[in-house]
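Residue numbering for the sequence shown follows the working numbering, beginning at 419 and increasing consecutively. All residues carry an ideal CB built from backbone N, CA and C; glycine is no exception. Working notes, structure below.
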Amino acid sequence: MSEITFDDFMKVDIRVGRVIRAEPYPEARKPAIKMWVDFGEEIGERKTSAQITDHYTIDTLVGRQVMGVVNFPPRQIGKFMSEVLVLGAYDDTGVVLIAPDKETPLGARMC
């Protein structure tokens, strides 16, 4: 991978959000879940879909804090318009969501 500058990194707006709604996405090519994430008063609610069914269910997602990139343009994912990229990392079996390790105000920016 090529190196980027700190200024490049700061262009990526990564914020803390909370999953307020989740539902199955059976129309997706690979198993996925649709999520609605609240990023606080400044940004509001954004929706996304993610292939995270190896580690998460609808019930385990709602109420969970996540980190998301909020300044990417919307992207059509099948019939669903994704408005945020929720961040995760791969382990041996799937994607593990990235989140603050303690309760953090919604909309807090990663620094």
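So, is PHE424 buried or exposed, given that buried needs 16 or more other C-beta atoms within 10 angstroms?
PHE424 counts as exposed, since fewer than 16 other C-beta atoms from the protein chains shown sit within 10 angstroms of its C-beta.
So who's on the other strand from SER467, going by DSSP bridges?
LYS452
If we ignore side chains and look at the alpha-carbon of each, how far apart do ARG439 and MET419 end up?
35 Å
Element boundaries [beta strand (DSSP E), containing PHE498]:
If you look at PHE498, you'll find it in the beta strand (DSSP E) that goes 498–500.
In the DSSP assignment, find the alpha helix (DSSP H) that holds ILE422 and state where it starts and stops.
Here ILE422 belongs to no alpha helix (DSSP H), and DSSP marks it neither H nor E.
For a test of the three-state rule: what should DSSP assign to MET528, helix, strand or coil?
coil
Pick from PRO518, GLN494, GLU501, ALA450: whose alpha carbon is nearest that of GLY512?
Of the listed residues, the one whose Cα sits closest to GLY512 is ALA450.
Between the alpha carbons of THR466 and GLY435, how many angstroms are there, rounded?
12 Å
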